[in-house]
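Remarks on the structure that follows.
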Amino acid sequence: MNKIKKIAVYLIIFVFCVVLSGCSNTNVLTGENFKEKLESMGYNVRDVTDAFETGTVEEAYLAVKKDIVIQFRILEDEEKAIDVYEQMKKDLEEKGNNSSNNSNNNKDKFVMNIENRYIVLTRVGNTILYSDVGNHNKKEVENNLNELGY
87 MNKIKKIAVY LIIFVFCVVL SGCSNTNVLT GENFKEKLES MGYNVRDVTD
137 AFETGTVEEA YLAVKKDIVI QFRILEDEEK AIDVYEQMKK DLEEKGNNSS
187 NNSNNNKDKF VMNIENRYIV LTRVGNTILY SDVGNHNKKE VENNLNELGY
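End of the sequence shown sits at 236 in the numbering used here; the numbers just go up one at a time, nothing left out.
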């Protein structure tokens with residue numbers, strides 16, 4: 087009986103840890119983190135904040151490697167990021183319906199495959215990350231975003 091209790095306690099602790107790890111927030115990148123990580127992956131990263139109307143974004147970056155482009159924006163707060171994410175997602179959904187959506191805690195992710203294109207839109211906290219690439223670059227972009235935690 088004592089052995090069963092020990093197993094039950096370990097099982098409860100394991101389940102509790104799994105549940106808590108699933109509830110954790112995704113880490114939000116800073117502009118400097120984004121720039122450093124993408125440059126280490128071979129991207130040329132430029133600050134394009136000035137391309138946006140004053141007050142619309144805090145920071146904006148464009149990472150380019152061959153024919154892959156990844157956009158990264160930092161907005162004033164999470165509420166504004168959610169609004170921008172929802173508008174961008176709505177605009178993408180109008181192009182077609184071959185998409186998936188995943189949301190939890192401080193992260194939303196929308197993925198679309200249409201006309202030999204792989205499109206990914208991710209919001210984490212007050213940041214937005216967007217990329218639209220040919221299907222031949224899908225794996226590389228997925229791997230890059232996983233490394234970023236996005």
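For every residue, glycine included, the Cβ atom is placed at its ideal position computed from N, Cα and C. Treat the numbers as computed from the prediction; the structure is a model and nothing was measured.
Can you list, in chain order, the residues of its chain whose CB lies under 6 Å from that of residue i, leaving out five sequence neighbours each side?
i, result
"VAL206", "VAL197 and SER217"
"TYR204", "VAL219, ASN221 and LYS224"
Counting only beta-carbon atoms, is residue i nearer than 8 Å to chain D?
i, result
"LYS195", "The chain labelled as chain D is not found in the depicted structure, where only one protein chain is given."
Thinking C-beta only, is residue j closer than 8 Å to residue i?
i, j, result
"ALA146", "ARG159", "yes"
"ASN212", "VAL114", "yes"
Of the residues the options, which one's Cα is nearest the Cα of residue i?
i, options, result
"GLY182", "GLU165, THR213 and GLU201", "GLU201"
"LYS224", "VAL155, ASP169 and LEU115", "VAL155"
"ASP194", "LEU124, GLU180, LEU115 and LYS175", "LYS175"
"LYS166", "THR142, LEU124 and ASN113", "THR142"
"ASN184", "ASP177, TYR171, GLU172 and ASN199", "ASN199"
"VAL227", "THR140, GLN157, GLU139 and THR112", "GLN157"
Given that a residue counts as buried once 16 or more other Cβ atoms are within 10 Å of its Cβ, and exposed if not, what is residue i?
i, result
"ALA137", "exposed"
"LYS121", "buried"
"ARG132", "exposed"
"GLY128", "exposed"
"GLY220", "exposed"
"ASN229", "exposed"
"ASN190", "exposed"
"THR208", "buried"
For residue i, which residues from the same chain have a beta carbon less than 7 Å from its beta carbon, with the 5 sequence-adjacent residues on both sides left out?
i, result
"GLU144", "ILE160, LEU161 and GLU162"
"ASP169", "none"
"SER186", "VAL197"
Within its chain, find whatever has a CB closer than 8 Å to the CB of residue i; leave out the 5 residues flanking it on each side and keep chain order.
i, result
"ASP153", "VAL219, GLY220 and ASN223"
"THR116", "ILE160"
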